[in-house]
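Before any comments, here is the structure.
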Amino acid sequence: MHVAFNLAADLDAALTSAATAAGLEAAGFAPEVRTADPRHGDFQANGVLGYAKARKLNPRAVAEKLVAALPASVKEACEITIAGPGFINFSLKPAALFGWLRTHDSAAHLKAGAGTAKSGQQWVVDYSSPNTAKQMHVGHLRSAVIGEAICRLLEFNGAKVVRDNHIGDWGTQFGKLIWACKKAQVADAAALDAALARDPLEEFERLYKVGNDAAEADPAVMDAARAELVKLQAGDAENLAVWKHINGVSLAAFQQIYDQLGIRFDVTLGESFYNDQVERIYRELTATGIAEESQGALVVFHPEHPRFKTQPFIMRKADGASNYATTDLATALYRVEHFHADGIVVVTDFRQGDHFEQLFLTVRKWFAAKHYRVPELHHVTFGAVTGEDGKALRTRDGGIVKLKELLAEAEARAFALVSERSADIPAEERHAIAATVGVASVQYADLSQNRSSDYVFAWDKMISLEGNTAAYLLYAGARIHSIFRKLGATPGDAATEAAASALETPAELALARKLVKFADAIRIATDTLRPHFLSLYLYELAGEFSAFYGADKVAVDDPAVRARRLMLCARTLLVLETGLHLLGLRTLTRM
Ligand code: ARG
Numbered sequence: 002m003h004v005a006f007n008l009a010a011d012l013d014a015a016l017t018s019a020a021t022a023a024g025l026e027a028a029g030f031a032p033e034v035r036t037a038d039p040r041h042g043d044f045q046a047n048g049v050l051g052y053a054k055a056r057k058l059n060p061r062a063v064a065e066k067l068v069a070a071l072p073a074s075v076k077e078a079c080e081i082t083i084a085g086p087g088f089i090n091f092s093l094k095p096a097a098l099f100g101w102l103r104t105h106d107s108a109a110h111l112k113a114g115a116g117t118a119k120s121g122q123q124w125v126v127d128y129s130s131p132n133t134a135k136q137m138h139v140g141h142l143r144s145a146v147i148g149e150a151i152c153r154l155l156e157f158n159g160a161k162v163v164r165d166n167h168i169g170d171w172g173t174q175f176g177k178l179i180w181a182c183k184k185a186q187v188a189d190a191a192a193l194d195a196a197l198a199r200d201p202l203e204e205f206e207r208l209y210k211v212g213n214d215a216a217e218a219d220p221a222v223m224d225a226a227r228a229e230l231v232k233l234q235a236g237d238a239e240n241l242a243v244w245k246h247i248n249g250v251s252l253a254a255f256q257q258i259y260d261q262l263g264i265r266f267d268v269t270l271g272e273s274f275y276n277d278q279v280e281r282i283y284r285e286l287t288a289t290g291i292a293e294e295s296q297g298a299l300v301v302f303h304p305e306h307p308r309f310k311t312q313p314f315i316m317r318k319a320d321g322a323s324n325y326a327t328t329d330l331a332t333a334l335y336r337v338e339h340f341h342a343d344g345i346v347v348v349t350d351f352r353q354g355d356h357f358e359q360l361f362l363t364v365r366k367w368f369a370a371k372h373y374r375v376p377e378l379h380h381v382t383f384g385a386v387t388g389e390d391g392k393a394l395r396t397r398d399g400g401i402v403k404l405k406e407l408l409a410e411a412e413a414r415a416f417a418l419v420s421e422r423s424a425d426i427p428a429e430e431r432h433a434i435a436a437t438v439g440v441a442s443v444q445y446a447d448l449s450q451n452r453s454s455d456y457v458f459a460w461d462k463m464i465s466l467e468g469n470t471a472a473y474l475l476y477a478g479a480r481i482h483s484i485f486r487k488l489g490a491t492p493g494d495a496a497t498e499a500a501a502s503a504l505e506t507p508a509e510l511a512l513a514r515k516l517v518k519f520a521d522a523i524r525i526a527t528d529t530l531r532p533h534f535l536s537l538y539l540y541e542l543a544g545e546f547s548a549f550y551g552a553d554k555v556a557v558d559d560p561a562v563r564a565r566r567l568m569l570c571a572r573t574l575l576v577l578e579t580g581l582h583l584l585g586l587r588t589l590t591r592m
C-alpha cells in the first residue's frame, strides 16, 4: 500500500471495499477505524462487533473474512491482528513508516496528501467581528484566534475561504455617541478637535461613556440619542460623517491587533452593509409563511423545537426597527448568493447560542422554500475567559482589559522568560523572539484547550516552557534547527537523506509512528472545527521527539544511521512547523 496521508480514512475505505468482497451487507457495515491505544498498534477497527451482534454472527469469523479480503497492499504495509471479540488491529511495519518519511519531505507533500475533504468547496468564516466605537474585548480576541486557525485548517483541506469581519457598526451605540459628540462640539469645538487628533479612539470611547451615562440618567437624553440614531439610519449627512469617522478610527485600532496576530480579512462587511436588504428579508420571510406578526413584531416560531415553538425569533421589532436577526438573515443570503458558500462558520461566545440556532433553523426553511441549496451552517462557540479569581477578566483597577495592553504584557513576560534562559542571545534578537513568543502564548492558550470550556487567564501557566504551551513547542522547533546548525546540515537535504538506512530502534519507530498520525489529527480538528486536537497532537509529537533525542544520538559516525536520524529530525520539524502555522502561530529558528 502506498502509505497515504489520511491513514485511518484509507483503512476505512479499504475495509469498506473488503466488506463487499467478503459478501457482507456493506450498507450496514461501518469499519470505524480510529487511532489506537499504542499498545494495540497504530489503528483499530471496531465496527465488526456491532455488525455481527445485530446479525447474530460470530464477530471473530466476520473479522477473519474481512481481513482475508483486504488488498495485498494493506497486508504488505501493516501487521494485522484480530484481538478480543473481533477488533482488527493494524500496526504499520517499519518499511511502511520509512516510506512515509521518504515521501512526506516538504510542506507541499504534506498538504498534497492531506486529503481532499474540502476541495472545491467555498467557505465563509465570520470571526472576530467586534463592535465599532467600543473596545475590542477578550471575546473578540478568542474569536479571532480560533477563527483564523479554522480558516487555515479548511484551506489546508482544499477549501477556498473568505475571511469576513462582520463588525457591529449599526447599533444603538451610535445614537448616544453622536449625541455626546454634538454636545462636546457646542461646548468647545477646539478642545474636541484637539482630543480627537491626539487619540481618537480614546476620545470616542470617553464620549460614548458620557452619552451612555447621560442617557441612563435622563430619559430626555435617551430620546435625543434615539433621534440621532434615527437620523443616521435615514441617511442624515452630518451624522453619517461622524459615523464614518468613528468606524475608520475603530477599524484602524482593530487592525493593529490583527497585524500582531497575522490576520488579514478578505472583507469587512458589517451590519450596516446589509441595511438596504432588510425590506427584502421581511418580504420573503412573510411571503413564504415562515414569519408571522406577533404583538406588532415580525417573528419566526419553530413548532418542532421544544423552546423555539414559543420563544420567538424577532426579526422586526414592534417599533418597526430592524435588529441583529434581520441583518444576520440578510448576511446568510448574501453569503450564498454572492460568495456561493458551501459552508458558513460564525465564531462567537456560547451566549449567542440561541440566536444562531434560531437563525439556522429559519435559514434552512427559507432556502428550502426558495429551492436554494442549504450550505453547511456552523456556529463555533467558545467559553468565557475569567481572571484567576474566577470573575470576568479585569485590570487591577477594575477596568476592562485592553487587548493592546494585554499583548504588550505578554511580550514583556516572554522577554523575561527568554532572557532567563538564553542570556547569550543579543538583546535585540531577544526582543524579536519575545514578540513572537508573547503573541503565540496568548493564541496558544486559546487553541490548546477545548474551545467549549471556560478558561482562566493565568500568565504563569501561559508563558512557560513547561506543559502544553507555545513556548514549549516553539522551543522544540528551535532546538531542532540548532541540531542542524551545529552539524552544518540542512533540514530535508535530499542528498543526505538518500543514505538513510531502515528504522531500527524503539525510539526511532515510536517517533515515526507519531509523525504518520499528523493527518488524523488534521482530520479530526477540521471535522469538529476544534483546533485543540491538532495542538494536543503537536504537544505529544514534541514529547516523542524529546524521548527519541534523549535515547538515540544523532551525530553518530555511521553515515547511514546518522542520515536516517537527521531525516527523523527534519520530518519532525516539518510537521511541527506546519502544524503551528495552521494554528496561526509564527515559529522561530532560535530561542
Ligand atoms: N458583533 C457581534 C458581537 O460583538 C458578533 C458578530 C458575529 N457575527 C454575526 N454574523 N452575528 O457580539
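Numbering (this note's numbering), first residue to last: 2 to 592. All C-beta atoms in this analysis are idealised placements derived from N, C-alpha and C, irrespective of residue type, glycine included.
Limits of the beta strand (DSSP E) - the one that residue i falls within
| i | result |
| --- | --- |
| Ser295 | Glu293 to Ser295 |
| Ala298 | Ala298 to Val301 |
| Ile523 | Where Ile523 is concerned, there is no enclosing beta strand (DSSP E), although the alpha helix (DSSP H) it sits in stretches over Phe519 to Thr529. |
Test item: CB-CB of residue i and residue j under 8 Å
| i | j | result |
| --- | --- | --- |
| Met316 | Leu286 | yes |
| Ala15 | Pro72 | yes |
| Ala145 | Leu58 | no |
| Ser442 | Ala411 | yes |
| Arg452 | Ile147 | yes |
| Ala520 | Gly114 | yes |
| Ser120 | His167 | no |
| Tyr373 | Tyr275 | no |
| Ala226 | Gly172 | no |
| Ala561 | Ala495 | no |
| Ala23 | Lys76 | no |
| His380 | Phe416 | no |
| Leu589 | Leu475 | yes |
Collapsed DSSP secondary structure at residue i in the structure displayed
| i | result |
| --- | --- |
| Ala254 | helix |
| Val386 | strand |
| Arg317 | strand |
| Asp494 | coil |
| Ile345 | strand |
| His380 | strand |
| Val268 | strand |
| Asp425 | coil |
| Arg587 | coil |
| Glu305 | coil |
| Glu505 | coil |
| Gln359 | helix |
| His105 | coil |
| Val75 | helix |
| Glu285 | helix |
| Asp11 | helix |
| Asp237 | coil |
| Glu406 | helix |
| Tyr209 | helix |
| Leu262 | helix |
| Val243 | helix |
| Arg56 | coil |
| Glu26 | coil |
| His41 | helix |
| Met2 | With a pLDDT of 42 at Met2, under the threshold of 50, the modelled position of that residue is not reliable, and no figure is offered here. |
| Ala322 | coil |
| Gly1 | Look at the range of the chain in this structure, 2 to 592, and you will see that residue 1 is not part of it. |
Those residues which DSSP pairs with residue i across a bridge
| i | result |
| --- | --- |
| Glu80 | Ser92 |
| Ala19 | Ala19 pairs with nothing; no bridge assigned. |
| Arg395 | Ile401 |
| Ala46 | Val34 and Ile89 |
| Asp350 | Phe383 |
For residue i, the first and last residue of its enclosing alpha helix (DSSP H)
| i | result |
| --- | --- |
| Pro220 | Pro220 to Gln234 |
| Arg328 | Looking at the sequence itself, residue 328 is Thr, so the reference to Arg does not match. Residues Tyr325 to Glu338. |
| Lys112 | Ala108 to Ala113 |
| Val63 | Pro60 to Ala70 |
Exercise for review: At 4 residues or longer, and completely inside the stretch 533-581: list those alpha helix (DSSP H) runs for me, N to C.
Suggested key: Listed in chain order, the complete alpha helix (DSSP H) runs (minimum 4 residues) inside the stretch 533-581 are 533-552.
Point to revise | Complete runs of the beta strand (DSSP E) confined to the stretch 122-172 [at least 3 residues] | key: Runs found: 123-127 and 161-165.
Point to revise | Length-filtered (4 minimum) alpha helix (DSSP H) runs lying within the stretch 428-478 | key: Runs found: 428-448 and 460-463.
Point to revise | 4 or more residues per run - each alpha helix (DSSP H) lying fully within the stretch 168-203 | key: Runs of the alpha helix (DSSP H) inside the stretch 168-203: 174-199.
**Study point:** Residues whose Cβ lies closer than 6 Å to any heavy atom of the ligand PLP, in chain order
**Key:** The ligand PLP is absent from the structure shown, which contains only the ligand ARG.
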